[in-house]
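Numbering (the working numbering), first residue to last: 505 to 766.
As structure tokens, the structure follows; a few thoughts come after it.
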């Protein structure tokens, strides 16, 4: 534990000073400020902000996490020459990379919300937005580190990370619609509920949107999701699935790191 704390402290101080961390904060601060200032309806502002977050946070975190791990290769090699457990080194680098990014993103969202909006009106929604943002950041960093431990070449690793984002954020909805069309003669309700769980971005979107009245605009699909994901059990299953999306890639990445020959 003492090794994890020391490595975490060093990595945190190193990452928090990065110009990219300040850029992420400034970007989300400006966007949030504009939405909360010029839109009187807090729900519309949060939905607009979420539509931006749901795509940008995974993309930013995947690219940042992948590049940071590859750029830390010399540091990792140096640390492995010391009597430091590999497990402690991996956990320390993971947390030291993820926490500054989370603080930057969340601060950029929360500060304008507190200063320029009605806190009482949108408190529950902003908490949900913050929770989803944290989970998506941790998921993306875990996947980025997994890719980096599996692929030695930086360009290939970055390409795989971007391809993963494209599939999950862009292509998945098209694949889902194609499956619904092909299976239109069969009862696909349970299938839709299950397949949503395998995409953290789509699951996060469903979990957030169904807490607004606009979920009715999703038609029969919205009614199916609302019936399950709108319940307490559905929320628990959703959050648990997102947590597993952190644990499983992190665990596999750790196993790869333990065996990896630097």
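The C-beta atom is built at its ideal place from N, Cα and C for all residues, glycine as well.
Let's test the definition: count the other Cβ atoms within 10 Å of the Cβ of residue i and tell me whether it reaches 16, buried, or not, exposed.
i           : result
residue 583 : buried
residue 744 : exposed
residue 508 : buried
residue 660 : exposed
residue 709 : buried
residue 562 : buried
residue 672 : buried
residue 511 : buried
residue 645 : buried
residue 736 : exposed
residue 724 : Low confidence applies to residue 724: its pLDDT is 44, below 50, so where it sits in the model is not reliable, and the reading given next is rough at best. By the neighbour-count rule (16 or more Cβ atoms within 10 Å), residue 724 is not buried but exposed.
residue 711 : buried
residue 746 : buried
residue 541 : exposed
residue 572 : buried
residue 515 : buried
residue 687 : exposed
residue 647 : buried
residue 619 : exposed
residue 549 : buried
residue 627 : exposed
residue 544 : exposed
residue 740 : exposed
residue 623 : exposed
residue 721 : Unreliable positioning characterises residue 721 in this predicted model, as indicated by a pLDDT of 44, which lies under 50. The coordinate reading is nonetheless provided below. Answer is exposed; the Cβ neighbour count stays below 16.
Measure how close the beta-carbons of residue i and residue j come, nearest whole angstrom, since I'm counting them as under 8 angstroms.
i           : j           : result
residue 568 : residue 605 : 6 angstroms
residue 641 : residue 662 : About 18 angstroms separates the two Cβ atoms, so there is no contact after all.
residue 760 : residue 653 : 4 angstroms
residue 574 : residue 658 : 4 angstroms
residue 643 : residue 749 : 5 angstroms
residue 547 : residue 629 : 7 angstroms
residue 560 : residue 669 : Incorrect: roughly 10 angstroms between the Cβ atoms, too far for contact.
residue 758 : residue 513 : Not really, about 20 angstroms apart at Cβ, beyond 8 angstroms.
residue 463 : residue 528 : There is simply no residue 463 to check, as the chain begins at 505 and stops at 766 in what is shown.
Legend entry - At least 3 beta-carbon pairs within less than 8 angstroms: the segment 679-694 vs the segment 533-543: no
Inset, instruction - Please determine if the segment 694-711 and the segment 665-677 are in contact, where contact requires at least 3 C-beta pairs separated by less than 8 angstroms. - result: yes
Legend entry - Sequence ranges, alpha helix (DSSP H) only - wholly within the segment 589-648, length at least 4: 590-620
Inset, instruction - May I ask you to verify whether the segment 631-641 touches the segment 548-557, counting CB pairs closer than 8 angstroms and requiring at least 3? - result: yes
Legend entry - the segment 751-764 contacting the segment 590-607, beta-carbon criterion three pairs below 8 angstroms: yes
Inset, instruction - Could you pull out every unbroken alpha helix (DSSP H) segment of at least 4 residues lying fully inside the segment 525-579, listed in chain order? - result: 546-575
Inset, instruction - Ignoring anything shorter than 4 residues or poking outside the segment 675-706, list the alpha helix (DSSP H) runs there in chain order. - result: 676-686, 693-701
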